Structure formats: structure tokens, C-alpha cells
Amino acid sequence: MKIGLLCRNPDLYSHRRIVEAAEARGHEIDIIDHLRCYIDIAANDPEVHYRGESLTGYDAIIPRIGASVTFFGTAVLRQFEMMDVYPLNESVAISRSRDKLRSMQLLSREGVGLPVTVFAHRTSHADEVIRLAGGTPVIIKLLEGTQGIGVVLAETDKSAESIIQAFGGVKTDVLVQQFVEEAKGEDIRCLVVGEKVVASMIRRGKEGDFRSNLHRGGSAEAVRISREERATALKAANAMGLNVCGVDMLRSDNGPVVMEVNSSPGLEGVEKATNVDVAGKIIEFIEKNARVGRTQTKGGKSRRRARRRA
Ligand code: ADP
Ligand code: MG
Numbered sequence: 001m002k003i004g005l006l007c008r009n010p011d012l013y014s015h016r017r018i019v020e021a022a023e024a025r026g027h028e029i030d031i032i033d034h035l036r037c038y039i040d041i042a043a044n045d046p047e048v049h050y051r052g053e054s055l056t057g058y059d060a061i062i063p064r065i066g067a068s069v070t071f072f073g074t075a076v077l078r079q080f081e082m083m084d085v086y087p088l089n090e091s092v093a094i095s096r097s098r099d100k101l102r103s104m105q106l107l108s109r110e111g112v113g114l115p116v117t118v119f120a121h122r123t124s125h126a127d128e129v130i131r132l133a134g135g136t137p138v139i140i141k142l143l144e145g146t147q148g149i150g151v152v153l154a155e156t157d158k159s160a161e162s163i164i165q166a167f168g169g170v171k172t173d174v175l176v177q178q179f180v181e182e183a184k185g186e187d188i189r190c191l192v193v194g195e196k197v198v199a200s201m202i203r204r205g206k207e208g209d210f211r212s213n214l215h216r217g218g219s220a221e222a223v224r225i226s227r228e229e230r231a232t233a234l235k236a237a238n239a240m241g242l243n244v245c246g247v248d249m250l251r252s253d254n255g256p257v258v259m260e261v262n263s264s265p266g267l268e269g270v271e272k273a274t275n276v277d278v279a280g281k282i283i284e285f286i287e288k289n290a291r292v293g294r295t296q297t298k299g300g301k302s303r304r305r306a307r308r309r310a
């Protein structure tokens, strides 16, 4: 197969591993920097231009779009979808996953366990919002934060109110969430590929930090997950419409609660903690699924589907 890896930095561990895994399985894989692509929308046949050439002949695209460039990156991916190229994750699913509120609404509709979460635009009634979230301590989150930046723990009503007002002052929407204290600064990340959880790790925050993000100095190790946790991860991936994702959950007194679903999960932490060849499993998944998309192309079926999806 001919695979395109949409990413900005080819030297990142995850991207190196994906290239390695694809080549080891006999595929051709090209790195395409999505920010250097031009999208030709007016042409009869949708095209993506890159370094003076039109990109053609791809069987699948692996999107690894950074959160700060979601808008343009998903537009490039969508253009490939218009060209009937199989996307490992669809552009619309990636956009969904980048908005924490939208994600939680979808997860909640599917009955996935979530921490009590309140979203409000007006900040004049911060006390009411805090009360609805179960009272302090509460977690306050930016809608589009990543890597633990933009997640704040407010221990008292006074600090929670002033944080909510501060974000309101700079016109930034936030989620206010029940603090799952019993998780003790640990969370579980399940790597989902297709219909399977292929690897799971437990992440622990740096001493004194309630955030378990590896980017914030947390550590990780392999963990055995319960049946309920496995089912929750798969349900969450399904609700988001993501084939490959990292589902993050907390072990609460009421069972697993999902915090977020990451559509471009980093591979370094999870592969090193679990010794699972996640990159290989991703390529294997594409081998099984991209061909199906290609045979459907003949009747023009999948192009119609792509239009509906957008
Ligand atoms: P980000 O997208 O920045 O990673 P998350 O929502 O995943 O934001 O939160 C970052 C970390 O903060 C989580 O991995 C978890 O350890 C901790 N955390 C987030 N929400 C809660 C919560 N409601 N209760 C307890 N800890 C939380
Ligand atoms: Mg997170």
C-alpha cells in the first residue's frame, strides 16, 4: 500500500515508529507536512498540492494533526477523504475529539461514565456552577487544552470563583468538573485500535501534582484493566467515531469515568511501558480496512459517503 503520514515533525518517536512499522510490513509511506499543502477546491477532481506536485495514488492517510493546527490539518485530511483515500481517523471525528465539551456530550449520550461536568458561558453565577459540579474541590478546564496545561484544581469556593471569573474576563469558555480525588493523581490510558484495547497503562502525576500527564513529568507503567474499563474504552472510541485513539479515564468510586479521548495518542509512553508494538497494530488495522474502502470506490459509493460525513 501507499500510505501518507500527515504530520509536522517526522522526528517524533510516534512518527518514526509508524514509518518503521509501515516499511517493515512492506508498505511505501510518505511524510506529508499538512501545513505545506494546498487544497484545490474549485477543480472538478479534488486535489492536494504539495511541494509543486499533486498528491495521488494514496491508499490510506494516517493523520497526526497537532491540536494547535486542527482547523487546517483536518481540512487537508477532508480533502483526501473527498479523493476517496482511507483515513485512519476521519476528519470529523478528529474535530469532535478536540473539543472537550462536544466530546463529553457525545460520550454522555452513549452512556459512558463521566465526571459530573458543568459548562456555562456566563460567569456571573460562578457559585451556582460550582454547586452543580458538586461543590469544591473542583477541576476547571479550558475546552481545548492539552498536555495538562489549562487544567486547574480549585480547592476552595473563593479560588474556584475567581478562576472562573478570570477565564470569563478573557472570554474563554471552561468546563467545571467534579474533582475525582480518589484517583490520587493517577489515570488509565487505553490505546484502542479498531475494536480492541491493544495496550493500557497507568500514569501517575509528579509528586504533588493531580495531573498525570507524561508531559507534566508523570510516569507510566503497564496495567491490567478490568472488564468494565475495557468496555468503557471501546464504547468511548465508538461514540467518538475514532478507529485509533487513547481513552483516558479515572478510577472513581463509581467505576471508570472518561476524561478525554485523544485522536493522536503519543506512542512513546505506551509502547515503552507495555512493550506492545502499537505502531504495528495500527498498520495492520489499515491493511485490513483500507482495501475495503478502495473496492467500494469503484461504484462511487465511498465518495458519496465521504460527502455525507463532512
Ligand atoms: P489534557 O487534555 O490537558 O490532558 P485532561 O482533561 O486529560 O486534560 O486532564 C489532565 C489530567 O488532570 C488528567 O490526566 C488527570 O490526571 C487530571 N484530571 C483531569 N480531570 C480530573 C478530574 N475531574 N478529577 C481528577 N483529576 C483530573
Ligand atoms: Mg489528558
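Letter 53 of the sequence shown, counting from 1, is numbered 53 in the working numbering, and no numbers are missing.
Glycine is no exception: its CB is placed at the ideal position from the N, C-alpha and C atoms.
Nothing here was measured: the structure is a model prediction, and the numbers come from that model.
Met-240: not part of any beta strand (DSSP E); member of the alpha helix (DSSP H) spanning 227 to 240, first to last residue.
Residue pairing of Asp-30 in beta bridges, as defined by DSSP: Gly-4.
By the C-beta density criterion, Glu-23 is exposed, having fewer than 16 other C-beta atoms within 10 angstroms.
Taking each of Glu-47, Asp-40, Ser-68 in turn and checking the Cα distance to Arg-8, the smallest one comes out for Ser-68.
Spanning the alpha carbons of Gly-57 and Glu-110 requires a straight line of approximately 37 Å. Going by C-alpha positions, Ile-29 is about 15 Å away from Tyr-50. Relative to the ligand ADP, the beta carbon of Ile-139 is positioned inside 7 Å of a heavy atom. The beta carbon of Gly-246 sits closer than 6 Å to those of Arg-189, Leu-191, Asn-262, Pro-265, all from its chain and outside the five residues before and after it, given in chain order. Non-local beta-carbon contacts of Ala-236 in its own chain, meaning distances under 7 Å to residues more than five positions away in sequence, involve Leu-107, Val-112, Val-247, Val-258, Val-261 in chain order. Ile-164 is positioned such that its CB atom lies no closer than 8 Å to that of Val-118. Of the other Cβ atoms in all chains shown, 16 or more fall within 10 Å of the Cβ of Ser-103; this residue is therefore buried.
In terms of CA proximity to Gly-169, Ala-126 leads the group Leu-153, Ala-126, Gly-135. Set against 7 Å, the gap from the CB of Ala-183 to the closest heavy atom of the ligand ADP is smaller. Contact annotation: the stretch 269 to 288 touches the stretch 220 to 239, with at least three C-beta pairs closer than 8 Å.
DSSP, reduced to helix, strand and coil, places Met-249 within a strand of the structure shown. The ligand ADP approaches Gly-150 closely enough that one of its heavy atoms is under 7 Å from the residue's Cβ. Here Asn-262 carries a strand assignment [DSSP, helix/strand/coil].
The three-state reading of DSSP puts Tyr-13 in helix, counting H, G and I together. In this structure, DSSP gives Asp-157 a helical state, which the three-state scheme calls helix.
The stretch 130 to 138 makes no contact with the stretch 191 to 203: fewer than 3 CB pairs, one atom from each, lie closer than 8 Å.
Three or more beta-carbon pairs separated by less than 8 Å link the stretch 148 to 158 to the stretch 200 to 220, which places the two stretches in contact. For Glu-144, the shortest C-beta to heavy atom distance toward the ligand MG is 7 Å or greater. Judged by their CB atoms, Leu-114 and Pro-63 are not nearer to each other than the 8 Å cut-off.
In this structure Tyr-86 is in contact with Asn-289, their Cβ atoms being roughly 7 Å apart against a cut-off of 8 Å. Taking each of Phe-285, Gly-185, Phe-71, Glu-47 in turn and checking the Cα distance to Val-197, the smallest one comes out for Phe-285. Per DSSP, Glu-47 is one residue of the beta strand (DSSP E) stretching across 47 to 50. From the listed residues Thr-74, Arg-204, Pro-256, Asp-187, the smallest Cα separation to Arg-96 is found for Thr-74. No heavy atom of the ligand MG is found nearer than 7 Å to the CB of Glu-186. Look at Ser-200 here: in three-state DSSP terms it is strand. Residue burial is scored here from C-beta neighbours: Glu-229 has at least 16 other C-beta atoms within 10 angstroms and is therefore classed as buried.
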